[in-house]
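Enquirer:
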Amino acid sequence: QVKELGKNNFQFYTPAMNEAVSRRMKLEIGLRKALERHEFTVVYQPQINVNTNQIIGAEALLRWNHPEWGSISPVEFIPIAEETGLILQIGEWILKEACLQNKRWQDQGYKPLRMAVNISSRQFQQSDLLDRVKNILKETGLAAHYLELELTESIIQDSKHAVGKMQQLKDMGIHLSIDDFGTGYSSLNYLKTFPIHTLKIDQSFTRYIYADPKDASLVETIITMAHNLNLKVIAEGVETVEQLQFLQQKQCNEAQGYYFSRPISAEDMRGMLEGNAVKM
Ligand code: C2E
Ligand code: MG
Ligand code: MG
Ligand code: MG
């Protein structure tokens, strides 16, 4: 759409912008139908205790596979789902699916895992979030302490009564973690007031711990600080044995990343649970 602008103005929308806008619209239309068309799946990424080398948990991650457009990254569609409010239904769907799957593995006799699910800003702000989570646990039969909700610093900061809500979830037995820790701009002061169990060190720090002394020092400091506050630490994005060894040396508790496994289907996860010890 070209607007009548003054003589000295060029066209307002560049072709690239037009393309971005129409892709955004296309995805939004597709997203509105994706749930009922069963285009979403859940993949699971193992979380490993770096001392025992055992899988102790998994993070549930959403995948959208459109019949024509193929696989679309959550990095692209989650923000659209968030803006349009569609994330409420989608988020509830994956929460239930992940709880159900976790219970299924337990019923099949595997060592119980804790299932981590990402919670979006809109979801966290819902006034009936607590009831919704309670209902899902009841319907799926999963015990609360096998569920972990991942929140980001900005989600917590943008929400009213965030601490009270977190406390209620914690009182139910649910674990809470701060995802992408270190990438937000919030003050560290909140860490003493948030009723959380775990800090997830963002992969942008993990990436260069072996190459960049500054990243190494930041990660070491986060681990020490977390332990002093009685919090557990999990490092995201572990891809190499060198990164793992560094984290073990610095007493990091858990790790997650391509070194151990990419996010995989429930079926492939079952294969990993059979052995439940990954390569070192
Ligand atoms: P996140 O929660 O920080 O998830 C970690 C992301 O890092 C995942 O990307 C995962 O596949 C990727 N990853 C894991 N290990 C490695 C590694 O060793 N190297 C590299 N380079 N990447 C690794 P994914 O699945 O594309 O998800 C991206 C983001 O989309 C997530 O970041 C999360 O913010 C969001 N997301 C995904 N699923 C959901 C969901 O169900 N609900 C909500 N609200 N957000 C979701
Ligand atoms: Mg996450
Ligand atoms: Mg993360
Ligand atoms: Mg991330």
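In UniProt numbering, the protein residues as written are 531 to 810.
Every residue, glycine too, gets a C-beta built ideally from N, C-alpha and C.
#1: Consult DSSP for F570 and reduce its assignment to one of helix, strand or coil.
#2: Is it true that the CB of L592 sits closer than 8 Å to the CB of P604?
#3: What did DSSP end up calling W599 once you bin it into helix, strand or coil?
#4: Excluding the five sequence neighbours on either side, which residues of its own chain have a C-beta within less than 6 Å of the C-beta of L748, listed in chain order?
#5: For a test of the three-state rule: what should DSSP assign to F711, helix, strand or coil?
#6: Give the straight-line distance between the Cα atoms of L681 and S650, rounded to the nearest whole angstrom.
#7: Give me the Cα-Cα distance between M755 and A628, rounded to the nearest whole angstrom.
#8: Return the CA-CA distance between I731 and R652, expressed in angstroms with no decimal places.
#9: Let me check understanding here. Comparing Cα to Cα, which of P743, M547 and Q577 lies closest to F790?
#10: Is T728 helix, strand or coil when you go by DSSP?
#11: Just how far apart, CA to CA, sit K641 and S552?
#12: Name the DSSP bridge partner or partners of R593?
#13: Could you tell me if T728 is buried or exposed, where buried requires 16 or more neighbouring beta carbons within 10 angstroms of its beta carbon?
#14: Since V580 and L777 are thought to touch, with beta carbons under 8 Å apart, how far apart are those beta carbons, to the nearest angstrom?
#15: In the DSSP assignment, find the alpha helix (DSSP H) that holds R737 and state where it starts and stops.
#16: Any chance the stretch 676-690 sits against the stretch 652-662, with 3 or more Cβ pairs inside 8 Å?
#17: Count the other CB atoms within 10 Å of the CB of Y574; is the residue buried (16 or more) or exposed (fewer)?
#18: Mind checking V532: buried by the 16 CB within 10 Å criterion, or exposed?
#19: Take L616 and list the residues in its own chain whose beta-carbon comes closer than 7 Å to its own, dropping the five residues that flank it on each side.
#20: Our contact map puts residue 510 next to I610 with C-beta atoms below 8 Å; I'd like the distance itself, whole angstroms only.
#21: So, for R737: in the same chain, excluding its five sequence neighbours on each side, which residues have a beta-carbon less than 7 Å away from its beta-carbon?
#22: Can you tell me whether K690 is buried or exposed? The criterion is at least 16 other CB atoms within 10 Å of its CB, across all chains shown.
#23: Which two residues bound the contiguous beta strand (DSSP E) that contains I764?
Expert: With the structure as the only source:
#1: Locating residue 570 in the sequence shown gives position 40, counting from the first residue. Residue state, collapsed to three classes: strand.
#2: Taking the sequence shown and counting its residues from 1, the one referred to as residue 604 is at position 74. Taking the sequence shown and counting its residues from 1, the one referred to as residue 592 is at position 62. Yes, the Cβ-Cβ distance between P604 and L592 is below 8 Å.
#3: For the purposes of this step, residue 599 is taken as residue 69 along the sequence shown, with counting starting at 1. Looking at W599 - three-state DSSP - the assignment turns out to be coil, as it is neither helix nor strand.
#4: What you label residue 748 is simply residue 218 of the sequence shown in a count that begins at 1. For L748, where only same-chain residues beyond five positions count, the Cβ hits under 6 Å are F735.
#5: What you label residue 711 is simply residue 181 of the sequence shown in a count that begins at 1. If DSSP states are grouped into helix, strand and coil, F711 belongs with the strands.
#6: In the sequence shown, counting from the first residue as 1, residue 681 sits at position 151. In the sequence shown, counting from the first residue as 1, residue 650 sits at position 120. Pairing L681 with S650, the inter-Cα distance amounts to about 7 Å.
#7: Counting from one through the sequence shown, the residue named residue 755 turns up at place 225. Counting from one through the sequence shown, the residue named residue 628 turns up at place 98. So the two alpha carbons sit approximately 31 Å from each other.
#8: Taking the first residue of the sequence shown as position 1, residue 731 is located at position 201. Taking the first residue of the sequence shown as position 1, residue 652 is located at position 122. Straight-line Cα distance between these residues: approximately 23 Å.
#9: Numbered from 1 along the sequence shown, position 260 holds the residue referred to as residue 790. Closest by alpha carbon: Q577.
#10: Counting from one through the sequence shown, the residue named residue 728 turns up at place 198. T728: strand per DSSP, three-state reduction.
#11: The residue you call residue 641 lines up with position 111 of the sequence shown. The residue you call residue 552 lines up with position 22 of the sequence shown. Approximately 47 Å between the Cα atoms of the pair.
#12: Counted from its first residue, the sequence shown places residue 593 at position 63. Answer is T571.
#13: Residue numbering aside, residue 728 sits at position 198 when the sequence shown is read from its first letter. It is buried - the Cβ of T728 has at least 16 other Cβ atoms within 10 Å.
#14: As a first step, residue 580 is located in the sequence shown; it is residue number 50 there, counting from the start. As a first step, residue 777 is located in the sequence shown; it is residue number 247 there, counting from the start. Yes, they are in contact, since the Cβ atoms of V580 and L777 sit about 6 Å apart, within 8 Å.
#15: Your numbering for residue 737 matches position 207 in the sequence shown. For R737, no alpha helix (DSSP H) encloses it, and the DSSP letter there is neither H nor E.
#16: Judged by Cβ distances under 8 Å, the stretch 676-690 makes contact with the stretch 652-662, as three or more pairs qualify.
#17: Residue mapping note: residue 574 aligns to position 44 of the sequence shown, counting from 1. It is buried - the Cβ of Y574 has at least 16 other Cβ atoms within 10 Å.
#18: Numbered from its first residue, the sequence shown carries residue 532 at position 2. Caution is warranted here: a pLDDT of 48 is assigned to V532, below 50, making its placement in the model unreliable, and no coordinate value can be reported.
#19: Along the sequence shown, one-based indexing puts residue 616 at 86. Cβ neighbours of L616 beyond the five flanking positions: L561 and R562.
#20: Past the boundaries of the shown model lies residue 510; the chain is included only from 531 to 810, so the question cannot be answered.
#21: For the purposes of this step, residue 737 is taken as residue 207 along the sequence shown, with counting starting at 1. If we look at R737 and ignore the five residues flanking it on each side, its Cβ neighbours are G767.
#22: Counting from 1 along the sequence shown, the entry for residue 690 is found at position 160. Around the beta carbon of K690, a 10 Å sphere encloses fewer than 16 other beta carbons of the protein chains shown; the residue is thus reported as exposed.
#23: In the sequence shown, the residue the question calls residue 764 occupies position 234. Taken as a continuous stretch (DSSP letters only), the beta strand (DSSP E) holding I764 covers K762 to A765.
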